[in-house]
Each structure stands twice: as structure tokens, then as C-alpha cells.
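Asker:
Chains as they are written, first to last, in this note's numbering: chain A, 5 to 319; chain B, 10 to 377.
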């Protein structure tokens, strides 16, 4: 019994998001008389989660460096715009390549400026966000026609494809993050860059590789957003960075990076957020109340899970 | 250390209490309607229910929903197509048997409809028509598309230019939004074409569709600073508090303003002296849209094909108009419960005729 209590005390913080997810699922199932456990509803939540999981699996790499990425809305907007614009010049298949290349370039710019100039990643990522939204918004604003996904890809938005992409991404990125040099060294840099450098880790190289992974995953996520929306506008991606950050934090991802990051926190955070939003909608909660609850949960999650040891200078 | 533990505990308790409190509400009370719990449910997706037009639209919808015994569930604050698709999916999960939506991305209307088709429920647009040809063709051919209701934006835009000319304005400043929003595009095209036709000088600033009131004021100030000869401003969308903020910003300046949408205090807006015309009253649009959707949900559609309906604007040009408007529209008084039921029973032609009658004078007359 003593052993169990000791184990629970040591690991409660790690498993709190999973317990919260179970609590939310059970709570809403009871309150909605099982409506939230309806097969179709579960399928919808799984479908909605795919895009966020794919994006989050990339962002966890930059978060493990201790770098927050506030550029996601701009990256989605700019890469989606460039991708669909490319279809007009180079044909429909150019969409995929252009979206992924644009997302990678955005992430590498953030990583590059952060490393070379030593500017805080939050500031750089905000700048990239404004740049992306600004460029896309300006050009879309001056177009006389909308930008739609080429009709040849109409069949691509399917549950099966989205599930497959999400599952493959989870498997591949879990291995890369937890069992390869890239993941381990990224976390080591996040824990203590000076010690990592002293230990012979090429900090610049692994930081850039982390941003490269984030870029690839953001490119795939943007492609999924574009396929799901069928068209884009200047508001595409609006709020994506905030939602993603909220999901990561309530899933238990550490804002300070380091070895405490876990891939499962992405999946748990996304599902927790979506189950909460879905459950409150099913129960007919006022939309403003949903926003209020999301805000309180965000604050509570940060307070409960924030790793103070990683940032002794804050408190 | 003890204090930190206390704060953490309090936050955890607040979090759980908030969730439980929110979960305690039922569908009828959450929408503010008094509709029957047994009635059909409509999911409403709108930009906001807090700004002038959004709040008026919600008041009107809640009143008519109560008259019809319909439950409403609202989703707000989604400003891209992906989020609106998620809203539709969640509302379907919540038991919505029809979707009433003000779409953000015009070309995504067909994708929204596909989500509804998969769930075998109808969809109706409010405040918007469909400009994108592919989306239009898809929607108009669908059995699940009830139709759209929109306003004659171009005529309204022309009327706003004429009002500024009547006020003696010679150089115009256009505070516009980026393209992609079908309604706002038509407003902007309407007044720009008319200004070109009249050979009137104008300068334009373009803001995003999600610009805050502060950003709109900044854009207006920059436009005026760059072009000090501007003496008349047209605001193509005053939503999310933009109109209120710009009225305040222009106080004391010799510049006239015309705008779409409604400020929180209309009378004070006109008393300030800058505002000379408001194009508003569009809160009736979702009422007609909901009735059309209600007909479709009850297998009694007003037409065999999706309906394309025009709803009137109300024009206000004076403090008296504002007082009259506030008296008429502080609550939803346009139709009584019996009249709402008559609207449901009307055929398409009679319904269209009734929609054409909507005006400030009509509502004032009814209130007597």
C-alpha cells in the first residue's frame, strides 16, 4: 500500500491529463445519457482530432527545446494559400509539395533566426505569423475569385485517410521522439543547452532538425485542413496556434521543454480538448461559457503541471 | 509553498465547478429560448451573439424559436472553414436536425453542406448568398440545401454614397475588409463601382475580416492621416464593435460617416454629428432563414428547389430614426407568435411579398 501511495505521488502529475480525459469522458457520458458515446459522435471527435494530432506531433519537438511556437495560424494561412495558388500555375498536384515546402520554410526561418540571432522564439514566431497572414491576406484580398481545392482531390477528404495519417504519424513520431538521437538530443538541449553543448551535442544542427520535423508535420496538417475545408480564405488557420497551445498544455506538455515531454501528451491533450468542446456543445452550453471554461482549464493546467524547476528565474 | 498548494487546489476546484455548472444547463435554457424540450433542434452558427447585430439576431431567433417550439443551440467565434465544419459536426452530435449558418468562407459552402448531407439533415444560409460558382452549383442541386437569405448589398451601398454626397462630401475614405466574404465583397464592389461611375475621388484601406475594433480604428486613422482631404467615410462592416469605436474616434472631426451594422447606442451615434446614415435591421434575415429551414425540416418546403431570398435593410439617417428604431427593436416585435405561424404556412410568393414589406415604418405601425 505504501509503495502504491509513493508511486501515485511520484507519477500523479504525469498521469493527471489521462485521468482528466477519463473524467471528462465519463462525466459527459453520464450527463448526456450516453449521447457523447454514440458511435458517430466518437468518429467525429476522432476525425476532428487528426489534424491537431499531426500538427502537435511536430510542435512537440520545438516545445521540447523550450521554444513556444506562436506562428501556427500564419503558417497554415500562408502555406495553404501558396499551395492553392500553385495549382493555378503548375497544376493540381503542385498543391501538396508547395504546402509542405512553405510550412518547412516558415519553421526553418523561425529556427534559423532563433539560433543565429538569439532572438526569443516567441517573438520570431509572432513575426512569422503576422508575415504569413499579411501576405496571404493581401493577395487573397485582391483576388476576384476564391481559392478552392482542385476537384480532382474531392474524394481525398475521408475518415479512413485522416485516421491512417494520424495513426502512422503517432507511430513514426513516437519512435523518432523517444528512441532516436534526434528526439533524445532535442530534449537534452531543452533541459540544458549549455550542458548539451558540453556533452558534444551539435545544438544548432539538432535545433534545426527539430524545426524541420515541425515544418513537415505542419505541412501535412495544413494539407488536411485544406482538404477538409475545400477552400481557403484570409481567415484560414485563425486561432490555430492558441487552440494547439491549449491542447498541448492540458495534455501535460511542458512549456519549459526538456526530458519531461511525452508524445502521448499531444494525443491526450487534443482528445481532452475536443471531448470537452464536444460534450459542452452536446449539452447545449452557451458558447461564451465554453470559452470561459477553456480559459479556466488552461490556467489550471498550467498551474498544476508547470515545471518550475526548469525556470528557476521565473518564481 | 503552502500558498502555491492552496492556489492550485482552488484552481482545480474552480475548474471542476465551472464544468459542472456549464453541464447543468439544458439546451433550451442555454439558447435563451423557452422552447419545448420536445421540439426539433436547430444548430445556429453565427460569428457572435454579443455585438450589435449578433445580439439582435439572437434575440429575434430566440423569440421566434419559442413561438415555433424549436430548441436552438448556438456556436460562435469560429472564423475559418475548418472550425465551422467542426461546429457543424458537434451540433449534429448534439442532436441538431437542421443547421442555420452564416458561413465565413464562401467557397466552403459545399463542404459544409456535405457534412449535413452525411447526417441527412438540411442546411440553410443566413446573411449570405453563394458567389463561388462550384459551391453554388453543388448547393442548389442538393436535396438537403434549404436555401439562403441575403440582403441587396449593392443598392444599400449606392444609397450610402448618395447620402454622403447629399451631406456635401467630395472625397471618400473606404474602410474595407479583405475579399472572400460574399456579402462584404458585394457592398464594396457596389460603392466602388458607383463612385467610379460618378467620378468621385476615394481612398481605401483594407482590414482583415477578423480585425478588432482597435485595429479598425487604427486603419481609419492611418487612412485619414495619409489623405487629409477625406470628408466622408464608408464602413463596409461595423461588426464586433468596429462601428462604435470609429464613431468615438471621429468625434470632433469634420468628417461624415455611413456604415453597415448597428452600434450599441445608435441615438448617441447620431447625436455625435459624424454618423449620417446606418444600414442595418438585418436581424430579420435569420428569422426568415429559420422559418424557411423549419419548413424544410417539416417536409413542407416553400419550394421544390432551394430558395434564394432577399431580405430588406432598414436605413436610419437621424436621431428620430434612431429613437424609433430603438423603441421598435429593443425587443423582437416584428411578428407576433400567430404571425410567425402564418409565415410558416405561407407559400413562397406570399413569403417573398411579406419579406419585401419589412421596414422601420412597418414595425412602427405594428407597435401602435
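Idealized CB from N, CA, C, for every residue including glycine. Just so it is clear, the structure is predicted and the values come from calculations on it, not from any experiment.
Suppose you measure from the CA of residue 73 of chain A to the CA of residue 61 of chain B; what does that come to, to the nearest Å?
Answerer: 35 Å
Asker: Name, please, each residue of chain B whose Cβ falls closer than 7 Å to the Cβ of residue 178 of chain A.
Answerer: Those do not exist, as residue 178 of chain A stays about 25 Å from chain B at its closest Cβ, beyond 7 Å.
Asker: May I have a chain-ordered list of the beta strand (DSSP E) segments no shorter than 3 residues that lie completely inside the segment 294 to 349 of chain B?
Answerer: 316 to 320, 323 to 325
Asker: Looking at C-alpha atoms only, which residue of A:103, A:208, A:25 is the closest neighbour of residue 222 of chain A?
Answerer: A:103
Asker: Using beta carbons (cut-off 8 Å, strictly below), is residue 62 of chain A in contact with chain B?
Answerer: no
Asker: Return no unless some Cβ of chain A is closer than 8 Å to the Cβ of residue 44 of chain B.
Answerer: In this prediction, residue 44 of chain B has a pLDDT of 47, which is less than 50 and means its spatial position is unreliable; what the coordinates show is noted afterwards. Not an interface residue.
Asker: Residues in the same chain with beta-carbon distance under 8 Å from residue 180 of chain A, minus the five sequence neighbours each way, listed in chain order, please.
Answerer: 186, 187, 217
Asker: Taking a cut of 9 Å between CB atoms, which residues from the segment 276 to 299 of chain A lie near chain B?
Answerer: 278, 280, 281, 282, 283, 284, 285, 286, 287, 288, 289, 290, 291, 292, 293, 294, 295, 296, 297
Asker: Within the continuous beta strand (DSSP E) that includes residue 155 of chain B, where are the two ends?
Answerer: Its beta strand (DSSP E) spans residues 154 to 160.
Asker: Give a yes or no on whether 8 Å exceeds the smallest Cβ distance from residue 235 of chain A to chain B.
Answerer: yes
Asker: Using DSSP with H/G/I as helix, E/B as strand and the rest coil, what is residue 236 of chain B?
Answerer: coil
Asker: With 8 Å as the threshold, decide whether the Cβ of residue 116 of chain B is near any Cβ in chain A.
Answerer: yes
Asker: Any idea which residues DSSP pairs residue 133 of chain B with across the strands?
Answerer: B:109, B:156
Asker: If you draw a straight line from the C-alpha of residue 298 of chain B to the C-alpha of residue 162 of chain A, how long is it?
Answerer: 30 Å
Asker: Using the Cα positions of residue 80 of chain A and residue 134 of chain A, report the straight-line distance between them to the nearest angstrom.
Answerer: 12 Å
Asker: Please classify residue 271 of chain A as buried or exposed, where buried requires at least 16 neighbouring CB atoms within 10 angstroms.
Answerer: buried
Asker: Under 8 Å between C-beta atoms, does residue 217 of chain B make it to chain A?
Answerer: yes
Asker: List the endpoints of the continuous alpha helix (DSSP H) containing residue 210 of chain A.
Answerer: 207 to 233
Asker: I'd like the list of long-range same chain contacts for residue 377 of chain B, defined as Cβ closer than 6 Å, with 5 residues on each side in sequence excluded.
Answerer: none
Asker: With a 10 Å radius around its C-beta and 16 neighbouring C-beta atoms as the bar for buried, classify residue 123 of chain A as buried or exposed.
Answerer: exposed
Asker: Looking at the C-beta of residue 47 of chain B, does it have a partner C-beta in chain A at a distance below 8 Å?
Answerer: no
Asker: How many angstroms separate the CA atom of residue 228 of chain A from the CA atom of residue 166 of chain A?
Answerer: 8 Å
Asker: Going straight from the alpha carbon of residue 305 of chain B to that of residue 196 of chain B, what length do you get?
Answerer: 30 Å
Asker: Residue 234 of chain A: which of A:152, A:117, A:290, A:28 sits nearest, CA to CA?
Answerer: A:152
Asker: What is the DSSP secondary structure of residue 268 of chain B, reduced to helix, strand or coil?
Answerer: strand
Asker: Is it right to say residue 190 of chain B is buried, meaning 16 or more other beta carbons lie within 10 angstroms of its own, or is it exposed?
Answerer: buried
Asker: When the cut-off is 8 Å and only beta carbons count, does residue 35 of chain B lie next to chain A?
Answerer: Its pLDDT being 41, under 50, residue 35 of chain B is placed unreliably by the model, and the measurement read from it follows with that caveat. Closer than 8 Å to some Cβ of chain A, the Cβ of residue 35 of chain B qualifies, so yes.
Asker: If residue 160 of chain B sits next to residue 319 of chain B, beta carbons under 8 Å apart, how far is it from one beta carbon to the other, in whole angstroms?
Answerer: 7 Å
Asker: Could you give the distance in angstroms between the alpha-carbon of residue 366 of chain B and the alpha-carbon of residue 349 of chain B?
Answerer: Going from the Cα of residue 366 of chain B to the Cα of residue 349 of chain B covers about 15 Å.
Asker: Note down, in chain order, every chain A residue with its Cβ under 8 Å from the Cβ of residue 113 of chain B.
Answerer: 237, 239
Asker: If you follow the beta strand (DSSP E) that residue 286 of chain B is part of, which residue opens it and which one closes it?
Answerer: 284 to 289
Asker: Counting pairs of beta carbons, one from the segment 356 to 366 of chain B and one from the segment 162 to 175 of chain B, are three or more of them closer than 8 Å?
Answerer: no
Asker: Quick one, which of B:229, B:238, B:245, B:246 has its alpha-carbon nearest residue 378 of chain B's?
Answerer: Not covered by the structure: residue 378 of chain B. The range shown for chain B is 10 to 377.
Asker: So is residue 207 of chain B buried or exposed if we call it buried at 16+ other beta carbons inside 10 Å?
Answerer: With fewer than 16 other Cβ atoms within 10 Å, it is exposed.
Asker: Below 8 Å between beta carbons is the criterion; list the residues of the segment 101 to 112 of chain B that meet it against any residue of chain A, in chain order.
Answerer: 101, 102, 103, 104
Asker: Determine, using beta carbons only, whether residue 86 of chain B comes closer than 8 Å to chain A.
Answerer: Yes, residue 86 of chain B counts as interfacial toward chain A.
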